[in-house]
Amino acid sequence: MSDSKMLTTLKRSTQIFGTFLLNRCEYTLPVESIQEVVNYPERIQIVPLTPHFLHGVFNLRGVIIPLVDMRKLLKFPDFEQLDLAKVAIIDFEGAKLGLLFDSTGEILHVHSDQETSYSYTEHSQKGAVKGAGHHSVVQIPGRDEWVIAYHRFIIPGGDGFNRETCVSPMRFD
0 MSDSKMLTTL KRSTQIFGTF LLNRCEYTLP VESIQEVVNY PERIQIVPLT PHFLHGVFNL
60 RGVIIPLVDM RKLLKFPDFE QLDLAKVAII DFEGAKLGLL FDSTGEILHV HSDQETSYSY
120 TEHSQKGAVK GAGHHSVVQI PGRDEWVIAY HRFIIPGGDG FNRETCVSPM RFD
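Under numbering that gives the first Met the number 0, the first residue of the sequence shown is numbered 0, with each subsequent residue one higher.
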């Protein structure tokens with residue numbers, strides 16, 4: 000297989016996400032929608048008569064960016080140290096938008112061959128997920144997609160030192 004064909008196959012079989020922390024929860028965004036991450040702006044212009052979650056707008060190198068307060072949008076408590084917050088600049092349907100988070104996380108590479116399926120019981124609430132400890136279940140905002148991050152031991156009995164972190168898409172019935 001040629002190098003370019005292998006690279007194309009690899010690109011199709013791997014999804015890459017950036018993670019962001021908010022109220023001790025982790026959220027992901029597809030990396031192709033993230034333009035950049037910046038510190039909390041020094042100057043915010045409040046816009047009257049806007050939704051409660053619109054924190055205001057700010058100027059980023061000559062471009063006016065609406066800033067969405069993700070804590071207010073998701074009904075979390077207000078930021079404790081707003082000056083330490085991070086802003087993910089995303090491309091949303093051709094427009095730039097800033098999403099206000101506590102901090103950045105990591106980059107996740109999700110391989111298509113690492114899929115995990117979950118089923119709901121008859122009386123369970125659809126959309127609720129229960130998981131074991133040492134695992135992270137993450138919903139991709141704006142999409143009905145979930146991934147699970149977990150550790151897999153490479154060497155059985157390796158005392159937890161020889162393991163790899165795996166990320167798998169989750170499928171629901």
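Quick reminder that beta carbons are idealized off the backbone N, C-alpha and C, glycines included.
Beta-carbon spacing of residue i, residue j below 8 angstroms
i, j, result
"residue 139", "residue 95", "no"
"residue 25", "residue 104", "yes"
"residue 88", "residue 28", "no"
"residue 71", "residue 100", "no"
Neighbour-count burial assignment, residue i, 16 or more Cβ in a 10 Å radius
i, result
"residue 40", "buried"
"residue 128", "For residue 128, the predicted model reports a pLDDT of 36, less than 50, meaning its position is unreliable; a value from the coordinates is still stated below. Result: exposed."
"residue 106", "exposed"
"residue 133", "Low per-residue confidence applies at residue 133: pLDDT is 46, beneath 50, and the placement is therefore not dependable enough to give any value."
"residue 137", "buried"
"residue 109", "buried"
"residue 91", "exposed"
Closest residue to residue i among the options (Cα-Cα distance)
i, options, result
"residue 85", "168, 170, 14 and 21", "21"
"residue 57", "67, 48 and 143", "67"
"residue 35", "167, 23, 51 and 17", "17"
"residue 32", "167, 146, 142 and 137", "142"
Separation of residue j from residue i, as counted between CA atoms
i, j, result
"residue 46", "residue 12", "43 angstroms"
"residue 55", "residue 49", "9 angstroms"
"residue 75", "residue 30", "25 angstroms"
"residue 187", "residue 37", "For residue 187 there is no data in the structure shown, the boundaries of the chain being 0 and 172."
"residue 123", "residue 170", "A caution first: residue 123 carries a pLDDT of 44, below 50, which makes its placement in the model unreliable, though a value can still be read off. Residue 123 and residue 170: Cα-Cα distance of roughly 16 angstroms."
"residue 144", "residue 15", "13 angstroms"
"residue 146", "residue 93", "26 angstroms"
"residue 59", "residue 78", "22 angstroms"
"residue 81", "residue 73", "16 angstroms"
"residue 23", "residue 61", "33 angstroms"
"residue 44", "residue 83", "18 angstroms"
"residue 102", "residue 19", "6 angstroms"
Chain-order list of residues whose beta-carbon lies under 7 angstroms from that of residue i (same chain, five-residue window excluded)
i, result
"residue 126", "Only weak support exists for where residue 126 lies, its pLDDT of 41 falling under 50; the value from the coordinates is given anyway. None."
"residue 69", "21, 98, 99 and 100"
8 angstroms Cβ cutoff, residue i in contact with chain C
i, result
"residue 138", "The structure shown contains no chain C; it is built from a single protein chain."
Cβ-based neighbour list, residue i, same chain, cut-off 8 angstroms, excluding 5 preceding and 5 following
i, result
"residue 42", "57 and 58"
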